[in-house]
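So the structure is just underneath, and the comments pick up after that.
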Amino acid sequence: MTSTATTRTAGAIRIQPRAWLNLGLGVGAQAAGTVFINTPAFLILLLHTQRGLTLAEAGLLAATPTVGMVLTLFAWGALVDRIGERWVITVGLTVTAMAAFAAMTVDGYVAIGAFLLVGGMASASTNSASGSLVVRWFPSSRRGLAMGIRQMAVPLGVTVAAVSVPVAAESGGVPLALLVPGLIAAVFAVACGLGIRTAPRGASDARAASALPAAAAGIPGTGTGGGVAAPVTRAANPYRGSTFLWRIHAVSVLLVVPQFTVSTFGLVWLVTELGWMPLAAGVLVGAAQFVGAIGRILVGVWSDRLGSRVRPLRWVAMSAGVVMLLLALSDAASWGAAAVIFVIATVVVVADNGLAFTSVAETAGPAWSGRALGVQNTGQYVAASIVGPAVGALIGLVGYPLAFVAVAAFPAAAIALVPRISEERDHL
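Numbering (my numbering), first residue to last: 22 to 449.
As structure tokens, this is what we get:
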């Protein structure tokens with residue numbers, strides 16, 4: 022017995038090419054959105070050192086697209102549940118590209134910020150939709166790997182922005198820098214509109230590939246060994262009767278603080294504190310983000326083998342606190358290995374996203390995954406929108422070392438909130 026997503030051969034599940042194609046397009050879509058969201062962060066150096074903006078002011082402008090995402094993430098997630106991923110991503114990236122091109126034509130930071138806000142609202146479409154592609158097309162035994170690959174999109178998008186935006190800004194100012202995310206979003210809007218397909222019902226689970234007793238487990242809409250469909254029942258609200266999802270959301274919000282601190286101010290820190298040239302610093306940031314992308318895959322595979330998302334999530338939270346303290350020490354003590362520690366920190370602070378995202382989708386189930394992932398992303402980006410101006414102001418007051426120490430408190434607080442392994446449930 023087969024589905025278009027999975028096939029069971031000699032007891033092993035083989036993922037069909039269509040699932041991998043959808044995953045690839047989902048990665049590209051979110052990477053395109055990430056480039057747009059992070060473009061202003063890599064303009065901070067220009068705005069701060071040449072245009073006279075304070076770190077808090079530049080950080081506020083950099084946070085504008087993230088604020089836009091916060092306003093629409095849940096709505097996009099609900100729309101994914103209703104109409105599927107294809108049109109959500111296509112329309113969202115089209116509007117993102119239009120916003121980037123429009124921002125190139127205006128003067129003044131308020132006008133630029135307004136178009137960045139609109140673009141952020143549109144690019145939020147890729148977050149819930151690309152994650153939904155993974156959980157709908159891949160079985161649980163491969164979902165950690167697939168989500169790890171999907172989560173590569175964020176560091177890959179940051180890598181592209183880190184390498185291209187500072188160079189473009191130095192050559193042609195803000196307008197040329199904004200051309201980069203506009204073109205990328207336009208390309209992937211077309212590609213996703215043509216290539217993405219909605220997963221068949223039940224394709225995400227191995228039960229769609231073999232005569233497993235799914236119906237006996239109470240999974241609605243799946244087949245039994247005799248080929249008789251189980252009765253479809255209305256899915257229960259996964260937020261009722263359990264704090265699991267809320268705790269995962271809270272952990273993710275806390276872990277966003279070190280992640281966005283490093284990605285937003287890492288380039289400026291390398292240039293102003295360590296004396297790196299902007300191009301070299303951009304290359305290092307890009308390389309660190311690429312290594313972080315590989316790290317997300319490895320953490321996803323690790324979670325598949327452990328059969329748990331929350332166990333490695335707890336270790337990542339602990340590690341994030343440690344690396345932020347090491348960053349503070351490396352700056353205060355002027356360690357020669359500060360750049361190496363920065364790379365390690367970049368890898369660690371992005372490692373949690375795929376774990377939490379997968380856990381939320383599995384716990385919520387197919388009927389609620391879009392909305393739950395919308396809540397997940399909204400919480401994260403609310404925190405992220407605060408990080409830019411708040412941490413920028415903190416750095417201005419106390420300097421980088423003490424600011425990094427303060428940031429380390431957030432992953433430390435997250436450790437106690439990570440749910441126990443016994444509380445995990447997979448409803449996909």
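Ideal Cβ placement from N, Cα and C applies to all residues, glycine included.
Would you kindly report the start and end of the unbroken alpha helix (DSSP H) that includes residue i?
i: MET298; result: Segment: none, MET298 is in no alpha helix (DSSP H) and carries neither H nor E.
i: GLU383; result: 373-385
i: VAL408; result: 390-419
i: VAL331; result: 331-353
i: GLN172; result: 161-172
i: THR293; result: 265-293
i: SER149; result: 146-158
i: MET90; result: 76-104
i: VAL369; result: 359-370
i: PHE57; result: 38-59
i: LEU438; result: Looking at the DSSP string, LEU438 is not in any alpha helix (DSSP H), and its letter there is neither H nor E.
i: ILE65; result: 65-70
In its own chain, which residues sit with a C-beta less than 7 angstroms from the C-beta of residue i, not counting the 5 before and 5 after it?
i: PRO61; result: LEU82, ALA83, THR85, PRO86 and LEU137
i: VAL2; result: No statement about residue 2 is possible, as the shown extent of the chain runs from 22 to 449 and does not include it.
i: TYR402; result: THR87, MET90, VAL91 and LEU94
i: THR117; result: GLY54, PHE57, GLY140, ALA143, SER144 and ALA206
i: VAL179; result: THR55, ASN59, SER284 and GLN310
i: ALA404; result: VAL274, VAL277 and VAL278
i: ALA353; result: PRO422
i: THR399; result: VAL91, LEU94 and PHE95
i: ALA359; result: LEU295, SER351 and ASP352
CB residue i to CB residue j, shorter than 7 angstroms?
i: ARG171; j: VAL156; result: no
i: LEU67; j: ALA190; result: yes
i: ARG76; j: GLY417; result: Per the sequence presented here, residue 76 reads as Leu, with Arg not at that position. Their beta carbons are under 7 angstroms apart, which means LEU76 touches GLY417 by this criterion.
i: MET110; j: ALA150; result: In the sequence on display, residue 110 carries Ile and not Met. It is a contact, given that the beta carbons lie within the stated cut-off.
i: LEU177; j: ALA52; result: yes
i: GLY152; j: LEU394; result: yes
i: MET339; j: ALA429; result: no
i: PRO299; j: TRP389; result: no
i: PHE381; j: ILE269; result: Strictly speaking, residue 381 in this sequence is Val, with Phe absent from that position. The answer is yes: Cβ separation under 7 angstroms.
i: LEU74; j: ASP325; result: no
i: LEU438; j: ILE217; result: no
i: MET168; j: GLY386; result: no
i: GLY98; j: ARG392; result: yes
i: CYS213; j: ALA314; result: no
i: MET125; j: PRO196; result: yes
i: ALA121; j: GLY203; result: yes
i: PHE363; j: ALA182; result: no
Can you determine whether any heavy atom of the ligand NAP sits closer than 6 angstroms to the C-beta of residue i, and answer yes or no?
i: ILE133; result: As far as ligands go, the structure on display features none, and thus does not contain the ligand NAP.
Using the Cβ count rule (16 or more neighbours within 10 Å means buried), how would you classify residue i?
i: GLY54; result: buried
i: PRO432; result: buried
i: GLY80; result: buried
i: PRO252; result: Its pLDDT being 45, under 50, PRO252 is placed unreliably by the model, and the measurement read from it follows with that caveat. The residue in question, PRO252, is exposed, as its Cβ has fewer than 16 Cβ neighbours within 10 Å.
i: GLU383; result: buried
i: VAL211; result: exposed
i: ILE442; result: exposed
i: LEU319; result: exposed
i: ARG335; result: buried
i: GLY193; result: exposed
i: VAL186; result: buried
i: VAL419; result: exposed
i: GLY287; result: buried
Among the residues of its own chain, which have a CB less than 6 angstroms from the CB of residue i, if the five just before and after it don't count?
i: VAL312; result: VAL368
i: ALA435; result: VAL272, LEU275, LEU276 and ALA338
i: LEU291; result: TRP297 and ALA302
i: PRO440; result: PHE265, ARG268 and VAL331
i: THR219; result: GLY105
i: LEU415; result: ALA424
i: ALA366; result: VAL283, VAL344 and LEU348
i: GLY409; result: GLY80, ALA83, ALA84 and THR285
i: VAL289; result: ILE65 and LEU66
i: PRO38; result: none
i: GLY247; result: Reliability of the predicted coordinates at GLY247 is poor, the pLDDT of 39 falling under 50, and no value is obtained from them.
i: GLY239; result: Because GLY239 carries a pLDDT of 32, less than 50, the predicted location of this residue cannot be relied on, and no value is offered for it.
With 7 angstroms as the threshold, decide whether the Cβ of residue i is near any Cβ in chain D.
i: GLY303; result: This model lacks chain D altogether, as it is built from one protein chain only.
In chain order, what residues of the same chain lie with their CB nearer than 8 angstroms to the CB of residue i, ignoring the 5 residues before and after it?
i: GLN397; result: ILE269, HIS270, SER273, ALA377, PHE378 and VAL381
i: TRP323; result: GLY165 and PRO333
i: VAL48; result: SER151, ILE170, ARG171, MET173, ALA174 and LEU177
i: GLY32; result: Unreliable positioning characterises GLY32 in this predicted model, as indicated by a pLDDT of 47, which lies under 50. The coordinate reading is nonetheless provided below. Closer than 8 angstroms at the Cβ level, and outside the excluded window around GLY32, lies no residue.
Inter-stretch contact (C-beta, 8 angstroms, three-pair minimum) for the region 359-378 and the region 274-287
yes
Cβ contact check for the region 320-334 and the region 371-390: 3 or more pairs under 8 angstroms:
yes
Report yes or no: do the region 344-363 and the region 420-438 share at least 3 C-beta pairs separated by less than 8 angstroms?
yes
Segment contact flag, the region 160-169 with the region 99-110, C-beta cutoff 8 angstroms, min 3 pairs
no
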